[in-house]
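Please read the structure below before turning to the comments.
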Amino acid sequence: MPAGDNSDDSKAPLLPINEPVESSSSSPFSLKSLISLKSFYVVLGPILCAIVCVFVKFDGPVTSRNMLAVLAWVFSWWLTEAVPMPITSMAPLFLFPLFGISSADSVAHSYMDDVITLVLGSFILVLAVERYNIHRRLALNITSRFCGEPVNPPLLLLGICGTTFFLSMWMHNVACAVMMMPVATGILQRLPTGPTQSTHIRDFCRAVILGVTFATPIGGMSTLTGTGVNLILVAMYKGSYPDAEPIGYNTWFFFGFPLAVLIFFAFWAILCLLYLSRGSSQALSAYLDKTHLKRELNLLGPMAFAEKMVLAVFGVLVALWMTRSITEDIPGWGTLFNGRAGDGTVSVLVATFLFVIPNKKRKGEKLMDWNECKKLPWNIILLLGAGFAIADGVQSSGLADQLSKTLDFLEEAPYLAIAPAVCLICAIITEFITSNDATATLVLPLLIQMAKTMHVHPLLLMVPGAVGSQFAFILATATPSNIIGFATGHINIPDMVKTGIPLKTAGIVILSLLMPTLGKLILPYSIFSSNDRFLWVYNLL
(Lines of atoms letter the chains of each structure in order from A and count residues from 1; the text may use other names and numbers.)
(Lines give C-alpha, C1' and ligand atoms only; values in the text may rest on other atoms or scores of the structure.)
Protein backbone atom coordinates (compact mmCIF):
# COMPACT_ATOMS: atom_id res chain seq x y z
CA MET A 1 0.00 0.00 0.00
CA PRO A 2 1.40 3.44 -0.82
CA ALA A 3 2.68 5.43 2.08
CA GLY A 4 0.18 8.17 1.53
CA ASP A 5 -2.82 5.82 1.41
CA ASN A 6 -3.74 5.05 5.01
CA SER A 7 -7.53 5.19 4.70
CA ASP A 8 -7.86 1.54 5.80
CA ASP A 9 -5.32 1.76 8.63
CA SER A 10 -7.18 1.76 11.92
CA LYS A 11 -4.22 3.48 13.61
CA ALA A 12 -4.03 6.29 11.11
CA PRO A 13 -4.86 9.71 12.57
CA LEU A 14 -8.16 11.23 11.52
CA LEU A 15 -6.48 14.59 10.94
CA PRO A 16 -3.07 15.34 9.43
CA ILE A 17 -1.61 16.53 12.76
CA ASN A 18 1.97 16.59 11.57
CA GLU A 19 1.35 18.77 8.55
CA PRO A 20 1.96 22.49 8.93
CA VAL A 21 -1.11 24.60 9.37
CA GLU A 22 -1.53 27.18 6.66
CA SER A 23 -2.19 30.67 7.82
CA SER A 24 -5.60 31.98 6.91
CA SER A 25 -5.65 34.76 4.38
CA SER A 26 -9.19 35.75 5.24
CA SER A 27 -10.01 38.87 7.17
CA PRO A 28 -10.02 38.62 11.01
CA PHE A 29 -13.26 37.98 12.86
CA SER A 30 -15.46 41.01 13.30
CA LEU A 31 -18.94 41.75 14.58
CA LYS A 32 -19.95 42.83 11.08
CA SER A 33 -19.54 39.26 9.80
CA LEU A 34 -22.35 38.17 12.13
CA ILE A 35 -24.78 40.83 10.97
CA SER A 36 -26.33 39.34 7.86
CA LEU A 37 -29.68 38.10 6.65
CA LYS A 38 -28.61 34.47 7.04
CA SER A 39 -27.57 35.06 10.64
CA PHE A 40 -30.97 36.60 11.30
CA TYR A 41 -32.66 33.51 9.82
CA VAL A 42 -30.59 31.30 12.16
CA VAL A 43 -31.79 33.11 15.30
CA LEU A 44 -35.32 33.52 13.91
CA GLY A 45 -36.17 29.92 14.82
CA PRO A 46 -35.37 30.23 18.54
CA ILE A 47 -37.02 33.67 18.63
CA LEU A 48 -40.29 32.33 17.18
CA CYS A 49 -40.10 29.40 19.58
CA ALA A 50 -39.75 31.76 22.55
CA ILE A 51 -42.62 33.96 21.35
CA VAL A 52 -44.95 30.95 21.14
CA CYS A 53 -43.90 29.73 24.59
CA VAL A 54 -44.55 33.14 26.17
CA PHE A 55 -47.70 34.36 24.42
CA VAL A 56 -49.63 31.23 23.29
CA LYS A 57 -51.90 29.55 25.82
CA PHE A 58 -53.89 26.34 25.24
CA ASP A 59 -56.54 24.72 27.41
CA GLY A 60 -54.80 21.38 27.04
CA PRO A 61 -51.44 20.16 28.35
CA VAL A 62 -48.41 22.43 28.19
CA THR A 63 -46.74 19.99 25.79
CA SER A 64 -49.20 21.04 23.06
CA ARG A 65 -47.93 24.61 23.32
CA ASN A 66 -44.33 23.39 23.40
CA MET A 67 -44.93 21.33 20.27
CA LEU A 68 -46.25 24.40 18.46
CA ALA A 69 -43.13 26.29 19.56
CA VAL A 70 -40.88 23.54 18.22
CA LEU A 71 -42.79 23.55 14.93
CA ALA A 72 -42.22 27.31 14.62
CA TRP A 73 -38.48 26.77 15.18
CA VAL A 74 -38.04 23.83 12.80
CA PHE A 75 -40.23 25.11 9.99
CA SER A 76 -38.63 28.56 10.05
CA TRP A 77 -35.26 26.90 9.48
CA TRP A 78 -36.72 24.72 6.73
CA LEU A 79 -38.41 27.60 4.92
CA THR A 80 -35.44 29.99 5.13
CA GLU A 81 -32.77 27.26 4.69
CA ALA A 82 -30.73 29.09 7.32
CA VAL A 83 -29.24 25.79 8.50
CA PRO A 84 -28.37 22.85 6.21
CA MET A 85 -31.40 20.65 5.70
CA PRO A 86 -29.92 17.48 7.32
CA ILE A 87 -29.04 19.45 10.48
CA THR A 88 -32.57 20.87 10.70
CA SER A 89 -33.93 17.36 10.15
CA MET A 90 -32.10 16.15 13.25
CA ALA A 91 -33.45 19.01 15.40
CA PRO A 92 -36.39 16.93 16.80
CA LEU A 93 -33.84 14.54 18.32
CA PHE A 94 -32.80 17.19 20.85
CA LEU A 95 -35.76 19.63 20.82
CA PHE A 96 -38.44 17.07 21.70
CA PRO A 97 -36.71 15.79 24.89
CA LEU A 98 -35.67 19.37 25.76
CA PHE A 99 -39.30 20.59 25.69
CA GLY A 100 -40.72 17.47 27.33
CA ILE A 101 -42.64 16.34 24.24
CA SER A 102 -41.23 12.80 24.08
CA SER A 103 -38.16 10.81 25.05
CA ALA A 104 -35.07 10.56 22.89
CA ASP A 105 -35.72 6.84 22.29
CA SER A 106 -39.25 7.36 20.97
CA VAL A 107 -38.06 10.17 18.67
CA ALA A 108 -35.25 7.99 17.33
CA HIS A 109 -37.77 5.26 16.43
CA SER A 110 -39.48 7.68 14.05
CA TYR A 111 -36.32 7.82 11.95
CA MET A 112 -36.74 4.16 10.96
CA ASP A 113 -40.45 3.92 10.11
CA ASP A 114 -41.84 1.37 7.63
CA VAL A 115 -42.31 4.14 5.06
CA ILE A 116 -38.64 5.08 5.42
CA THR A 117 -37.61 1.50 4.60
CA LEU A 118 -40.04 1.68 1.68
CA VAL A 119 -38.27 4.78 0.37
CA LEU A 120 -34.87 3.22 1.09
CA GLY A 121 -35.68 0.13 -0.98
CA SER A 122 -37.17 2.34 -3.68
CA PHE A 123 -34.02 4.45 -3.88
CA ILE A 124 -31.93 1.29 -4.36
CA LEU A 125 -34.15 0.40 -7.33
CA VAL A 126 -33.73 3.92 -8.67
CA LEU A 127 -29.95 3.49 -8.52
CA ALA A 128 -30.29 0.28 -10.54
CA VAL A 129 -32.47 2.03 -13.10
CA GLU A 130 -29.90 4.80 -13.44
CA ARG A 131 -26.95 2.38 -13.57
CA TYR A 132 -28.28 0.71 -16.71
CA ASN A 133 -29.67 3.92 -18.27
CA ILE A 134 -33.23 2.61 -18.26
CA HIS A 135 -34.46 6.06 -17.29
CA ARG A 136 -32.68 7.47 -20.36
CA ARG A 137 -34.51 5.06 -22.66
CA LEU A 138 -37.88 5.96 -21.14
CA ALA A 139 -37.01 9.65 -21.17
CA LEU A 140 -36.10 9.56 -24.88
CA ASN A 141 -39.39 7.79 -25.70
CA ILE A 142 -41.51 10.34 -23.83
CA THR A 143 -39.53 13.35 -25.06
CA SER A 144 -39.58 12.31 -28.71
CA ARG A 145 -43.35 11.85 -28.61
CA PHE A 146 -44.26 15.08 -26.85
CA CYS A 147 -41.53 17.63 -27.55
CA GLY A 148 -43.00 18.75 -30.91
CA GLU A 149 -41.28 20.38 -33.88
CA PRO A 150 -40.16 23.01 -32.99
CA VAL A 151 -39.92 22.31 -29.27
CA ASN A 152 -43.17 23.02 -27.45
CA PRO A 153 -42.32 23.23 -23.70
CA PRO A 154 -45.97 23.27 -22.47
CA LEU A 155 -46.76 20.16 -24.56
CA LEU A 156 -43.63 18.36 -23.34
CA LEU A 157 -44.50 19.25 -19.74
CA LEU A 158 -48.05 17.99 -20.31
CA GLY A 159 -46.70 14.68 -21.61
CA ILE A 160 -44.44 14.14 -18.60
CA CYS A 161 -47.09 15.15 -16.06
CA GLY A 162 -49.83 13.24 -17.90
CA THR A 163 -47.77 10.03 -17.88
CA THR A 164 -47.19 10.43 -14.15
CA PHE A 165 -50.88 11.15 -13.56
CA PHE A 166 -51.97 8.01 -15.45
CA LEU A 167 -49.51 5.69 -13.68
CA SER A 168 -50.47 7.08 -10.28
CA MET A 169 -54.09 6.10 -10.88
CA TRP A 170 -53.15 2.42 -10.63
CA MET A 171 -50.14 2.27 -8.33
CA HIS A 172 -48.86 3.55 -4.99
CA ASN A 173 -47.94 7.24 -4.97
CA VAL A 174 -44.43 6.54 -3.73
CA ALA A 175 -43.94 3.83 -6.37
CA CYS A 176 -45.10 6.19 -9.10
CA ALA A 177 -42.80 8.99 -7.93
CA VAL A 178 -39.88 6.57 -7.71
CA MET A 179 -40.56 5.28 -11.23
CA MET A 180 -41.08 8.65 -12.92
CA MET A 181 -38.45 10.79 -11.17
CA PRO A 182 -35.49 9.09 -12.91
CA VAL A 183 -37.35 9.54 -16.20
CA ALA A 184 -37.74 13.25 -15.50
CA THR A 185 -34.11 13.67 -14.49
CA GLY A 186 -33.11 11.68 -17.58
CA ILE A 187 -34.80 14.33 -19.73
CA LEU A 188 -33.10 17.12 -17.79
CA GLN A 189 -29.67 15.50 -18.20
CA ARG A 190 -29.71 16.68 -21.80
CA LEU A 191 -29.79 20.29 -20.64
CA PRO A 192 -26.78 22.33 -19.48
CA THR A 193 -26.06 22.78 -15.77
CA GLY A 194 -24.05 25.17 -13.68
CA PRO A 195 -23.13 28.70 -14.75
CA THR A 196 -24.05 28.03 -18.39
CA GLN A 197 -27.66 27.23 -17.47
CA SER A 198 -30.00 30.03 -18.51
CA THR A 199 -33.00 31.19 -16.51
CA HIS A 200 -35.40 29.61 -19.04
CA ILE A 201 -33.73 26.20 -18.72
CA ARG A 202 -33.54 26.44 -14.93
CA ASP A 203 -37.26 27.25 -14.73
CA PHE A 204 -38.10 24.37 -17.10
CA CYS A 205 -36.14 21.96 -14.86
CA ARG A 206 -38.12 23.16 -11.86
CA ALA A 207 -41.40 22.77 -13.73
CA VAL A 208 -40.60 19.18 -14.73
CA ILE A 209 -39.64 18.06 -11.21
CA LEU A 210 -42.61 19.85 -9.64
CA GLY A 211 -44.84 18.35 -12.33
CA VAL A 212 -43.85 14.77 -11.47
CA THR A 213 -43.92 15.46 -7.72
CA PHE A 214 -47.44 16.92 -7.60
CA ALA A 215 -49.03 14.99 -10.49
CA THR A 216 -48.45 11.84 -8.42
CA PRO A 217 -50.95 12.60 -5.59
CA ILE A 218 -53.37 14.24 -8.05
CA GLY A 219 -53.56 11.05 -10.13
CA GLY A 220 -54.00 8.96 -7.00
CA MET A 221 -57.26 10.76 -6.21
CA SER A 222 -58.90 9.20 -9.29
CA THR A 223 -59.39 5.64 -8.08
CA LEU A 224 -60.11 3.94 -4.77
CA THR A 225 -56.83 2.00 -4.90
CA GLY A 226 -54.78 4.98 -6.13
CA THR A 227 -54.11 6.14 -2.57
CA GLY A 228 -54.70 4.86 0.93
CA VAL A 229 -56.79 7.91 1.89
CA ASN A 230 -59.62 6.86 -0.45
CA LEU A 231 -59.67 3.38 1.08
CA ILE A 232 -59.74 4.87 4.59
CA LEU A 233 -62.71 7.03 3.57
CA VAL A 234 -64.64 4.04 2.24
CA ALA A 235 -63.78 1.88 5.27
CA MET A 236 -64.82 4.53 7.83
CA TYR A 237 -68.03 5.34 5.97
CA LYS A 238 -68.97 1.66 5.78
CA GLY A 239 -68.04 1.08 9.44
CA SER A 240 -70.09 4.02 10.69
CA TYR A 241 -73.10 3.42 8.43
CA PRO A 242 -73.22 -0.33 7.64
CA ASP A 243 -76.79 -0.10 6.29
CA ALA A 244 -75.96 2.70 3.85
CA GLU A 245 -75.28 2.27 0.17
CA PRO A 246 -71.49 1.73 0.03
CA ILE A 247 -69.06 3.72 -2.09
CA GLY A 248 -68.04 1.30 -4.85
CA TYR A 249 -65.01 1.45 -7.13
CA ASN A 250 -67.02 2.81 -10.06
CA THR A 251 -68.93 5.26 -7.86
CA TRP A 252 -65.73 6.87 -6.66
CA PHE A 253 -64.16 6.80 -10.13
CA PHE A 254 -67.04 8.74 -11.69
CA PHE A 255 -66.54 11.44 -9.02
CA GLY A 256 -62.80 11.22 -8.36
CA PHE A 257 -61.60 11.06 -11.96
CA PRO A 258 -63.28 14.31 -13.15
CA LEU A 259 -62.10 15.97 -9.93
CA ALA A 260 -58.51 14.83 -10.48
CA VAL A 261 -58.54 15.79 -14.18
CA LEU A 262 -59.72 19.33 -13.44
CA ILE A 263 -57.10 19.76 -10.70
CA PHE A 264 -54.46 18.32 -13.04
CA PHE A 265 -55.14 20.82 -15.82
CA ALA A 266 -55.23 23.65 -13.29
CA PHE A 267 -51.86 22.45 -12.04
CA TRP A 268 -50.44 22.30 -15.57
CA ALA A 269 -51.65 25.85 -16.22
CA ILE A 270 -50.02 27.05 -12.98
CA LEU A 271 -46.69 25.50 -14.00
CA CYS A 272 -46.88 27.07 -17.46
CA LEU A 273 -47.65 30.51 -16.02
CA LEU A 274 -44.93 30.38 -13.35
CA TYR A 275 -42.07 28.66 -15.15
CA LEU A 276 -42.55 28.64 -18.95
CA SER A 277 -42.00 32.08 -20.42
CA ARG A 278 -41.96 33.01 -24.10
CA GLY A 279 -38.25 32.34 -24.59
CA SER A 280 -38.42 28.78 -23.28
CA SER A 281 -38.95 27.16 -26.68
CA GLN A 282 -35.93 28.87 -28.22
CA ALA A 283 -33.71 28.06 -25.21
CA LEU A 284 -34.65 24.35 -25.28
CA SER A 285 -34.62 23.82 -29.06
CA ALA A 286 -30.82 23.45 -29.14
CA TYR A 287 -30.94 20.46 -26.76
CA LEU A 288 -34.27 18.75 -27.54
CA ASP A 289 -34.33 18.30 -31.32
CA LYS A 290 -36.86 15.58 -32.25
CA THR A 291 -34.81 14.04 -35.08
CA HIS A 292 -31.73 13.88 -32.87
CA LEU A 293 -33.74 12.30 -30.05
CA LYS A 294 -35.00 9.50 -32.31
CA ARG A 295 -31.46 8.88 -33.54
CA GLU A 296 -30.21 8.55 -29.96
CA LEU A 297 -33.07 6.17 -29.15
CA ASN A 298 -32.10 3.93 -32.08
CA LEU A 299 -28.44 3.96 -30.98
CA LEU A 300 -29.44 2.44 -27.64
CA GLY A 301 -30.46 -0.73 -29.49
CA PRO A 302 -32.54 -3.51 -27.97
CA MET A 303 -32.80 -3.86 -24.21
CA ALA A 304 -30.01 -5.87 -22.57
CA PHE A 305 -30.53 -8.69 -20.05
CA ALA A 306 -29.67 -6.44 -17.10
CA GLU A 307 -32.24 -3.83 -18.16
CA LYS A 308 -34.95 -6.47 -18.50
CA MET A 309 -34.17 -7.95 -15.10
CA VAL A 310 -34.20 -4.57 -13.35
CA LEU A 311 -37.57 -3.77 -14.94
CA ALA A 312 -38.84 -7.22 -13.94
CA VAL A 313 -37.79 -6.66 -10.32
CA PHE A 314 -39.40 -3.23 -10.41
CA GLY A 315 -42.60 -4.72 -11.86
CA VAL A 316 -42.71 -7.38 -9.15
CA LEU A 317 -42.34 -4.71 -6.48
CA VAL A 318 -45.12 -2.58 -7.96
CA ALA A 319 -47.40 -5.63 -8.17
CA LEU A 320 -46.68 -6.49 -4.52
CA TRP A 321 -47.36 -2.90 -3.49
CA MET A 322 -50.71 -2.92 -5.28
CA THR A 323 -51.86 -6.30 -3.97
CA ARG A 324 -50.75 -6.23 -0.33
CA SER A 325 -54.13 -4.87 0.75
CA ILE A 326 -56.76 -4.29 -1.93
CA THR A 327 -60.11 -3.74 -0.20
CA GLU A 328 -61.87 -5.04 2.90
CA ASP A 329 -63.78 -7.57 0.80
CA ILE A 330 -60.76 -8.57 -1.29
CA PRO A 331 -57.80 -9.12 1.05
CA GLY A 332 -54.32 -9.07 -0.42
CA TRP A 333 -51.26 -11.19 0.30
CA GLY A 334 -50.63 -9.14 3.46
CA THR A 335 -53.17 -11.28 5.31
CA LEU A 336 -50.76 -14.23 5.06
CA PHE A 337 -48.49 -12.40 7.51
CA ASN A 338 -51.32 -10.99 9.68
CA GLY A 339 -50.48 -7.50 8.50
CA ARG A 340 -46.96 -7.58 9.96
CA ALA A 341 -45.27 -7.19 6.56
CA GLY A 342 -45.57 -3.62 5.31
CA ASP A 343 -44.65 -1.95 2.04
CA GLY A 344 -41.22 -1.12 3.45
CA THR A 345 -40.54 -4.78 4.22
CA VAL A 346 -41.39 -5.69 0.64
CA SER A 347 -39.29 -2.87 -0.82
CA VAL A 348 -36.13 -3.87 1.03
CA LEU A 349 -36.71 -7.58 0.36
CA VAL A 350 -37.19 -7.13 -3.38
CA ALA A 351 -34.30 -4.66 -3.61
CA THR A 352 -31.94 -7.27 -2.13
CA PHE A 353 -32.52 -9.47 -5.19
CA LEU A 354 -30.60 -6.90 -7.23
CA PHE A 355 -27.51 -7.87 -5.21
CA VAL A 356 -28.15 -11.60 -5.87
CA ILE A 357 -29.16 -11.86 -9.55
CA PRO A 358 -26.04 -12.31 -11.72
CA ASN A 359 -25.22 -10.00 -14.61
CA LYS A 360 -24.78 -12.20 -17.69
CA LYS A 361 -22.55 -9.72 -19.51
CA ARG A 362 -20.10 -9.44 -16.62
CA LYS A 363 -19.14 -12.79 -15.13
CA GLY A 364 -18.91 -12.87 -11.37
CA GLU A 365 -20.83 -9.61 -10.99
CA LYS A 366 -24.36 -9.05 -9.81
CA LEU A 367 -26.90 -6.55 -11.10
CA MET A 368 -26.00 -4.20 -8.25
CA ASP A 369 -22.85 -3.71 -6.21
CA TRP A 370 -22.96 -2.66 -2.57
CA ASN A 371 -20.67 0.29 -3.33
CA GLU A 372 -23.57 1.82 -5.31
CA CYS A 373 -25.40 2.34 -2.00
CA LYS A 374 -22.94 5.10 -1.14
CA LYS A 375 -24.99 7.24 -3.53
CA LEU A 376 -28.15 6.88 -1.45
CA PRO A 377 -29.49 10.30 -0.34
CA TRP A 378 -29.15 9.83 3.41
CA ASN A 379 -29.95 13.51 3.97
CA ILE A 380 -33.39 12.85 2.51
CA ILE A 381 -33.83 9.84 4.78
CA LEU A 382 -33.17 12.16 7.74
CA LEU A 383 -35.67 14.65 6.35
CA LEU A 384 -38.34 11.97 6.10
CA GLY A 385 -37.55 10.77 9.62
CA ALA A 386 -38.02 14.32 10.91
CA GLY A 387 -41.42 14.42 9.25
CA PHE A 388 -42.54 11.26 11.05
CA ALA A 389 -41.12 12.50 14.35
CA ILE A 390 -43.12 15.71 13.99
CA ALA A 391 -46.26 13.76 13.06
CA ASP A 392 -45.91 11.62 16.20
CA GLY A 393 -45.15 14.68 18.32
CA VAL A 394 -48.23 16.55 17.07
CA GLN A 395 -50.44 13.69 18.24
CA SER A 396 -48.67 12.65 21.46
CA SER A 397 -48.30 16.25 22.70
CA GLY A 398 -52.02 17.00 22.40
CA LEU A 399 -51.52 19.58 19.63
CA ALA A 400 -53.65 17.46 17.30
CA ASP A 401 -56.59 17.77 19.71
CA GLN A 402 -56.14 21.54 19.80
CA LEU A 403 -56.12 21.65 15.99
CA SER A 404 -59.26 19.51 15.80
CA LYS A 405 -61.11 22.05 17.96
CA THR A 406 -60.79 24.52 15.09
CA LEU A 407 -63.46 22.46 13.32
CA ASP A 408 -66.13 23.34 15.89
CA PHE A 409 -67.12 26.52 14.07
CA LEU A 410 -68.43 24.41 11.17
CA GLU A 411 -71.51 23.59 13.22
CA GLU A 412 -72.68 27.17 12.65
CA ALA A 413 -71.31 27.56 9.09
CA PRO A 414 -73.59 27.91 6.03
CA TYR A 415 -73.94 24.63 4.15
CA LEU A 416 -72.27 25.86 0.96
CA ALA A 417 -69.24 26.96 3.00
CA ILE A 418 -68.75 23.58 4.64
CA ALA A 419 -66.92 21.83 1.78
CA PRO A 420 -64.28 24.55 1.21
CA ALA A 421 -63.82 25.10 4.96
CA VAL A 422 -63.28 21.40 5.75
CA CYS A 423 -61.03 20.97 2.72
CA LEU A 424 -58.93 24.00 3.67
CA ILE A 425 -58.46 22.91 7.27
CA CYS A 426 -57.49 19.36 6.28
CA ALA A 427 -55.17 20.72 3.58
CA ILE A 428 -53.38 22.75 6.26
CA ILE A 429 -53.18 19.89 8.78
CA THR A 430 -51.76 17.46 6.21
CA GLU A 431 -48.69 19.66 5.70
CA PHE A 432 -47.59 18.88 9.26
CA ILE A 433 -48.26 15.13 9.16
CA THR A 434 -45.97 13.23 6.79
CA SER A 435 -48.59 10.61 5.96
CA ASN A 436 -51.80 11.63 4.17
CA ASP A 437 -53.31 8.42 5.54
CA ALA A 438 -52.55 9.56 9.09
CA THR A 439 -54.25 12.90 8.44
CA ALA A 440 -57.37 11.18 7.13
CA THR A 441 -57.37 8.76 10.07
CA LEU A 442 -57.18 11.69 12.49
CA VAL A 443 -59.77 13.96 10.87
CA LEU A 444 -62.48 11.69 9.40
CA PRO A 445 -63.84 10.36 12.73
CA LEU A 446 -64.22 13.96 13.92
CA LEU A 447 -66.12 14.84 10.75
CA ILE A 448 -68.45 11.85 11.13
CA GLN A 449 -69.39 12.97 14.64
CA MET A 450 -69.81 16.55 13.47
CA ALA A 451 -72.12 15.46 10.65
CA LYS A 452 -74.38 13.75 13.18
CA THR A 453 -74.49 16.92 15.29
CA MET A 454 -75.27 19.11 12.27
CA HIS A 455 -77.84 16.63 10.83
CA VAL A 456 -76.20 16.65 7.40
CA HIS A 457 -75.07 13.79 5.24
CA PRO A 458 -71.64 12.60 6.43
CA LEU A 459 -70.18 12.54 2.93
CA LEU A 460 -70.70 16.29 2.77
CA LEU A 461 -67.90 16.53 5.34
CA MET A 462 -65.97 13.29 4.79
CA VAL A 463 -65.26 13.68 1.07
CA PRO A 464 -63.80 17.23 1.39
CA GLY A 465 -61.83 16.04 4.41
CA ALA A 466 -60.38 13.03 2.59
CA VAL A 467 -59.57 14.95 -0.58
CA GLY A 468 -58.16 17.91 1.36
CA SER A 469 -55.80 15.62 3.27
CA GLN A 470 -54.20 14.78 -0.09
CA PHE A 471 -53.44 18.44 -0.90
CA ALA A 472 -49.92 18.24 0.58
CA PHE A 473 -48.32 20.59 -1.92
CA ILE A 474 -46.23 23.02 0.15
CA LEU A 475 -43.68 21.43 2.51
CA ALA A 476 -41.04 18.90 1.48
CA THR A 477 -41.86 16.73 4.51
CA ALA A 478 -45.61 16.70 3.86
CA THR A 479 -45.51 13.40 1.94
CA PRO A 480 -42.84 10.93 0.75
CA SER A 481 -43.39 11.81 -2.93
CA ASN A 482 -42.55 15.45 -2.09
CA ILE A 483 -39.29 14.29 -0.55
CA ILE A 484 -38.42 12.25 -3.64
CA GLY A 485 -38.84 15.34 -5.81
CA PHE A 486 -36.90 17.47 -3.34
CA ALA A 487 -34.04 14.94 -3.38
CA THR A 488 -33.26 15.69 -7.05
CA GLY A 489 -31.78 19.07 -6.10
CA HIS A 490 -33.65 20.90 -8.88
CA ILE A 491 -36.23 22.44 -6.54
CA ASN A 492 -36.18 24.03 -3.10
CA ILE A 493 -38.83 24.82 -0.51
CA PRO A 494 -39.62 28.31 -1.89
CA ASP A 495 -40.37 26.71 -5.26
CA MET A 496 -42.77 24.28 -3.60
CA VAL A 497 -44.47 27.08 -1.67
CA LYS A 498 -44.81 29.28 -4.78
CA THR A 499 -46.42 26.43 -6.73
CA GLY A 500 -48.23 24.70 -3.89
CA ILE A 501 -50.29 27.63 -2.58
CA PRO A 502 -52.10 28.39 -5.91
CA LEU A 503 -52.47 24.64 -6.57
CA LYS A 504 -53.98 24.06 -3.13
CA THR A 505 -56.33 27.02 -3.69
CA ALA A 506 -57.38 25.73 -7.11
CA GLY A 507 -58.03 22.26 -5.70
CA ILE A 508 -60.26 23.64 -2.92
CA VAL A 509 -62.24 25.73 -5.41
CA ILE A 510 -62.73 22.81 -7.82
CA LEU A 511 -63.84 20.46 -5.04
CA SER A 512 -66.24 23.10 -3.69
CA LEU A 513 -67.86 23.36 -7.13
CA LEU A 514 -68.10 19.61 -7.74
CA MET A 515 -69.55 18.64 -4.36
CA PRO A 516 -72.99 20.29 -4.88
CA THR A 517 -73.12 19.34 -8.57
CA LEU A 518 -71.40 16.11 -9.57
CA GLY A 519 -71.30 14.85 -5.98
CA LYS A 520 -75.07 15.25 -5.62
CA LEU A 521 -75.62 13.05 -8.68
CA ILE A 522 -73.04 10.32 -8.03
CA LEU A 523 -72.24 9.92 -4.33
CA PRO A 524 -74.66 7.74 -2.32
CA TYR A 525 -76.90 9.51 0.19
CA SER A 526 -79.49 6.89 1.15
CA ILE A 527 -78.74 6.49 4.86
CA PHE A 528 -81.26 9.07 6.06
CA SER A 529 -84.99 9.39 5.72
CA SER A 530 -86.54 11.07 2.69
CA ASN A 531 -86.82 14.38 4.56
CA ASP A 532 -83.12 14.37 5.39
CA ARG A 533 -82.33 13.40 1.81
CA PHE A 534 -84.32 16.40 0.62
CA LEU A 535 -82.36 18.51 3.10
CA TRP A 536 -79.09 17.27 1.55
CA VAL A 537 -80.11 18.39 -1.95
CA TYR A 538 -81.90 21.57 -0.86
CA ASN A 539 -79.07 22.86 1.33
CA LEU A 540 -76.52 22.37 -1.43
CA LEU A 541 -78.61 24.15 -4.04
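Residue numbers (the working numbering): 1 to 541.
All C-beta atoms in this analysis are idealised placements derived from N, C-alpha and C, irrespective of residue type, glycine included.
Residue span of the alpha helix (DSSP H) that contains residue i, given as start and end
i, result
"H200", "T199 to G220"
"N173", "N173 to L188"
"V467", "L459 to G468"
"W78", "V62 to T80"
"K561", "Nothing can be reported for residue 561, as the shown portion of the chain is limited to 1 through 541."
"T163", "P153 to S168"
"N298", "K290 to L300"
"K520", "L518 to I522"
"S144", "I134 to F146"
"W333", "Unbroken run through W333: none, as it is neither H nor E."
"V107", "A104 to H109"
"F337", "First-last for F337: undefined, no H or E at that position."
"G387", "W378 to S396"
Sequence-distant residues of the same chain with beta carbon closer than 6 Å to residue i, five excluded per side
i, result
"I508", "P420, C423 and L424"
"S222", "M169, G256, F257 and A260"
"C49", "A69, A72 and W73"
"T402", "Note that residue 402 corresponds to Gln in the displayed sequence, not to Thr. Answer for Q402: F58, G60 and S64, listed in chain order."
"L320", "V346"
"W252", "L224"
"M515", "A419"
"R190", "Y287"
"L376", "F123"
"H200", "G279, S280 and A283"
Own chain partners of residue i with C-beta closer than 8 Å, once the 5 adjacent residues on each side are dropped
i, result
"I270", "T499, P502, L503 and A506"
"K452", "P458"
9 Å Cβ cutoff met for residue i and residue j
i, j, result
"L140", "L297", "yes"
"W78", "A472", "no"
"V316", "V356", "no"
"Y132", "L210", "no"
"S469", "A427", "yes"
"V119", "G344", "yes"
"I116", "G385", "yes"
"G387", "V212", "no"
"L127", "C373", "yes"
"L273", "I247", "no"
"K363", "A306", "no"
"A548", "L44", "In this structure the chain extends from 1 to 541, so residue 548 is not present and cannot be described."
"R136", "M303", "no"
"V208", "A244", "no"
"S280", "P153", "yes"
Contacts around residue i, its chain only, beta-carbon distance under 7 Å, and the 5 residues preceding and following it disregarded
i, result
"I35", "none"
"V56", "R65 and L68"
"V318", "M171 and A175"
"M85", "N379 and L383"
"K290", "S144, C147 and E149"
"F254", "I522"
"T38", "Note that residue 38 is Lys in the sequence shown here, rather than Thr. Excluding positions up to five away in sequence, the list reads A82."
"P182", "V126, V129, E130 and H135"
"V62", "none"
For residue i, the three-state DSSP class (helix, strand or coil)
i, result
"K361", "coil"
"K366", "strand"
"D59", "coil"
"F473", "coil"
"Y241", "coil"
"I35", "coil"
"P480", "helix"
"C53", "helix"
"L284", "helix"
"M303", "coil"
"F94", "helix"
"L127", "helix"
"E431", "coil"
"T323", "helix"
"L274", "helix"
"H566", "For the chain, the structure presents residues 1 to 541; residue 566 sits outside this window and is missing."
"I87", "helix"
"F253", "helix"
"T372", "One point to set straight first is that residue 372 is Glu, not Thr, in the sequence displayed. Three-state result, E372: helix."
"L231", "helix"
"S25", "Per-residue confidence for S25 stands at a pLDDT of 46, beneath the threshold of 50, marking its modelled position as unreliable; no derived number is given."
"D279", "Note that residue 279 corresponds to Gly in the displayed sequence, not to Asp. It is coil, neither helix nor strand."
"L444", "helix"
"D113", "coil"
"I47", "helix"
"P192", "coil"
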